[in-house]
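Okay, so here's the structure we're looking at.
Number of protein chains: 2
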Amino acid sequence: MPDSPSCSLCLFRHVCRDASTADLSPGAQKSLQPTHVTVAAGDAFYRQGRPVAAVFPLREGSAKQVYESPLGWRQVTGFSLSGDVLGLEPNEASAYSVSAIALQDTMCCVVSIEALRTHMADPPFRDSVLAVMRHQAERERILLVAIGSMRAAQRLAMLLLDLDTEHRRRGGTDGSLTLAMSRTDIASLLGLTLETVSRLLSRFASVGLISVRQRRLRLIDRDGLAAVYADLEPMPRQAPAAMAAHAGPGDEPHLF
Amino acid sequence: MPDSPSCSLCLFRHVCRDASTADLSPGAQKSLQPTHVTVAAGDAFYRQGRPVAAVFPLREGSAKQVYESPLGWRQVTGFSLSGDVLGLEPNEASAYSVSAIALQDTMCCVVSIEALRTHMADPPFRDSVLAVMRHQAERERILLVAIGSMRAAQRLAMLLLDLDTEHRRRGGTDGSLTLAMSRTDIASLLGLTLETVSRLLSRFASVGLISVRQRRLRLIDRDGLAAVYADLEPMPRQAPAAMAAHAGPGDEPHLF
DNA sequence: CGTACCATTGAACCGAATCAAACGGGGTGG
DNA sequence: CCACCCCGTTTGATTCGGTTCAATGGTACG
Numbered sequence: 001m002p003d004s005p006s007c008s009l010c011l012f013r014h015v016c017r018d019a020s021t022a023d024l025s026p027g028a029q030k031s032l033q034p035t036h037v038t039v040a041a042g043d044a045f046y047r048q049g050r051p052v053a054a055v056f057p058l059r060e061g062s063a064k065q066v067y068e069s070p071l072g073w074r075q076v077t078g079f080s081l082s083g084d085v086l087g088l089e090p091n092e093a094s095a096y097s098v099s100a101i102a103l104q105d106t107m108c109c110v111v112s113i114e115a116l117r118t119h120m121a122d123p124p125f126r127d128s129v130l131a132v133m134r135h136q137a138e139r140e141r142i143l144l145v146a147i148g149s150m151r152a153a154q155r156l157a158m159l160l161l162d163l164d165t166e167h168r169r170r171g172g173t174d175g176s177l178t179l180a181m182s183r184t185d186i187a188s189l190l191g192l193t194l195e196t197v198s199r200l201l202s203r204f205a206s207v208g209l210i211s212v213r214q215r216r217l218r219l220i221d222r223d224g225l226a227a228v229y230a231d232l233e234p235m236p237r238q239a240p241a242a243m244a245a246h247a248g249p250g251d252e253p254h255l256f
Numbered sequence: 001m002p003d004s005p006s007c008s009l010c011l012f013r014h015v016c017r018d019a020s021t022a023d024l025s026p027g028a029q030k031s032l033q034p035t036h037v038t039v040a041a042g043d044a045f046y047r048q049g050r051p052v053a054a055v056f057p058l059r060e061g062s063a064k065q066v067y068e069s070p071l072g073w074r075q076v077t078g079f080s081l082s083g084d085v086l087g088l089e090p091n092e093a094s095a096y097s098v099s100a101i102a103l104q105d106t107m108c109c110v111v112s113i114e115a116l117r118t119h120m121a122d123p124p125f126r127d128s129v130l131a132v133m134r135h136q137a138e139r140e141r142i143l144l145v146a147i148g149s150m151r152a153a154q155r156l157a158m159l160l161l162d163l164d165t166e167h168r169r170r171g172g173t174d175g176s177l178t179l180a181m182s183r184t185d186i187a188s189l190l191g192l193t194l195e196t197v198s199r200l201l202s203r204f205a206s207v208g209l210i211s212v213r214q215r216r217l218r219l220i221d222r223d224g225l226a227a228v229y230a231d232l233e234p235m236p237r238q239a240p241a242a243m244a245a246h247a248g249p250g251d252e253p254h255l256f
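Note that the protein sequences, when read in sequence, are chains B and W. Sequential numbering of the first sequence, starting at 1, is according to the UniProt record's numbering. Sequential numbering of the second sequence, starting at 1, is according to the UniProt record's numbering.
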């Protein structure tokens, strides 16, 4: 059952037998033959702290990453959709740094860590893997700033726009999408409560930015959402930039 | 002027001519001869987005990392003390992902990225560098959870305990330390306002947990602070764990 | 058809932000 | 040396966004 639609976005598409890619660079022979498994909603692909044994490109479905801090505080740190790869750990970590939980019954490939390492010898492939990791790190930083200094409406608008962008990258044309995650998950990701998320969604809908019913959601006014995200009203306030004393992209001397 | 006290904690001590280390593994010859520079308070070691050219082990002084999001939101993401290395970018990034600003006049070494790469060929050294990077990533995650789901007092207690731990690792014996960063910086890191930070410090002092005057600070009751951090009263409330639906270290099946 | 879970909505409360002074220390210039 | 100013900090009064507590409604599933 090779070549699911998500293969076309997969990190491994150039080295994977499952994916039929037109552009097949001469150097890269398709040496990867991943196995497939399905994970039931609520089950874990892997758990934080366990040794890294494999990575999991999603074929169909979605997942959340959950981090549990040393003191037992748990928080969702991200969502993954089909085409994303779960379990990629930066810095050659030997243990998973988060847990990955399926949001719905999910089909994925299983690429052993040995196979991954083997293919990492190929420079272009290695670069693309590292680029994905860097992108993930950037994502977490954006989330940090969002939670740390944006208001609830902005954070939620950010998430909706992000989900929409991802959905469109996967072929979604109109702005209608089905949220795989619960309000609680969204709230956890954004550092809010589920009530606030629910209220905010209703408010967005009442202002004509979106329409929601349960987990069916449609973006009606992307620009409006972007305006909320950027905090150009008409939601709440707080001005960007100009915070900590000396930190601006000023033109003081700097070594690099 | 080699071998500052901070050398004994430096990541590069085993390969650096400046550092006099007793245990000198046979394989690693001391081939690193870093140059030294001083950076004035408020100046940048390097700026986010610039190509990575060098890393900067701190000899004397301190710095803050500042991240600026695509939309212009700026936030402090961490503090570095003497012995720490600034500019280590994970995933072979070609540009700095944050800016590093000196909190005071700071002396540091300059290790070119080429020199770093050369030494990364040495497996034990490489592992220690990767370990530092992983530690930094973990730190940012803890910060994310702190900002996302802990209350102000807990966050501040966390920071104070962390600063104290770092200070003690550097030889500090009693709990007295001098904060190099402003209230604004602390507030930015913790996702609060400077007024809240100031008030909280006063409150901690009035309860006998610490004593503060301006930037002179002394920890009086570490256990008390730890209790505040862990949220065991006697400050505010909110119970840990048990958040997002299915995510607990339960014993559901998982692949790894 | 009943049960369980997720989502919505309302009312009251509270923590932290905001607005607004006053204070303190360190530096500069008279 | 002292007066003055600047900037970071402290403290107070007030507002407000988001949480908490609570009840109802909707949907899926056994």
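From the three backbone atoms N, C-alpha and C, an ideal C-beta is built for every residue, glycine too.
Under the 8 Å criterion on CB atoms, F125/B is classed as non-interfacial with respect to chain W.
Think of a sphere of 8 Å around the beta carbon of T77/B: the chain W residues whose beta carbon falls inside it are R141, L144, in chain order. For L130/B, the chain W residues whose C-beta falls within less than 7 Å of its own C-beta are N91, E92, listed in chain order. The alpha-carbon of W73/B is positioned some 11 Å away from that of L144/W. For the pair Q104/W and A180/W, the CB atoms are nearer than the 8 Å cut-off.
DSSP links Y229/B through a beta bridge to no other residue. In the DSSP annotation of this structure, S97/B is not part of any beta strand (DSSP E), being labelled neither H nor E. Close CB contacts of F125/B within its chain, under the 8 Å cut and outside five residues either way in sequence, are with H14, V15, A28, H119 (chain order). G78/B is positioned such that its CB atom lies no closer than 8 Å to that of F56/B.
A Cβ of chain W is located within less than 8 Å of the beta carbon of F256/B.
Taken in chain order, the complete alpha helix (DSSP H) segments of 4 or more residues contained in the segment 149 to 194 of chain W are 152 to 169, 183 to 190. The residue from E68/W, C108/W, G42/W, S112/W with its alpha-carbon nearest to that of A54/W is S112/W.
The way I'd put it, the segment 92 to 104 of chain B does touch the segment 38 to 55 of chain B; three or more beta-carbon pairs between them come closer than 8 Å. Taking 8 Å as the cut-off between beta carbons, the residues of the segment 147 to 159 of chain B near chain W are I147, G148, S149, M150, in sequence order. Inside the segment 51 to 129 of chain B, DSSP marks whole beta strand (DSSP E) runs of 3 or more residues at positions 54 to 60, 62 to 68, 74 to 81, 99 to 102, 106 to 112, from first to last along the chain. Rounded to whole angstroms, the gap between the alpha carbons of M150/W and S20/B is 47 Å. Judged by DSSP secondary structure, A44/B falls within the beta strand (DSSP E) whose first and last residues are 44 to 46. Within the same chain, and ignoring the five residues on either side of I147/W in sequence, the residues whose Cβ sits closer than 6 Å to its Cβ are G191.
In the structure shown, I220/W falls within a coil segment according to DSSP collapsed to helix, strand and coil. Here DSSP, grouped into helix, strand and coil, assigns L144/W to helix.
For M120/B, no Cβ of chain W is located within less than 8 Å of the residue's own Cβ. Secondary structure of V15/B (DSSP, three-state): coil. Using a Cβ-Cβ cut-off of 8 Å, M107/W does not count as an interface residue toward chain B, since no Cβ of chain B sits closer than that to its own. For L232/W, the closest C-alpha among the options Q154/W, I142/W, L217/W is that of Q154/W. In terms of Cβ geometry, S176/W and R218/W form a close pair [threshold 8 Å]. Contact of S69/B with chain W by beta-carbon distance below 7 Å involves I142, V145. At a cut-off of 8 Å between beta carbons, R50/W contacts chain B. Within chain W, no C-beta atom comes nearer than 8 Å to that of A227/B; the closest sits roughly 12 Å away.
DSSP places R215/W in the coil class of the three-state scheme, outside both helix and strand.
Collapsing the DSSP output to three states places V207/W in coil. Using beta-carbon distances, A115/B does not count as an interface residue toward chain W, since no partner is under 8 Å. Judged by DSSP in its simplified three-state form, L32/W adopts strand.
With contacts defined by Cβ atoms closer than 8 Å, A152/W and L200/W form a contacting pair. Bridge partners of V39/W according to DSSP: T106/W. Of the residues assessed, T106/B falls on the buried side of the cut-off, its CB having 16 or more other CB atoms within 10 angstroms.
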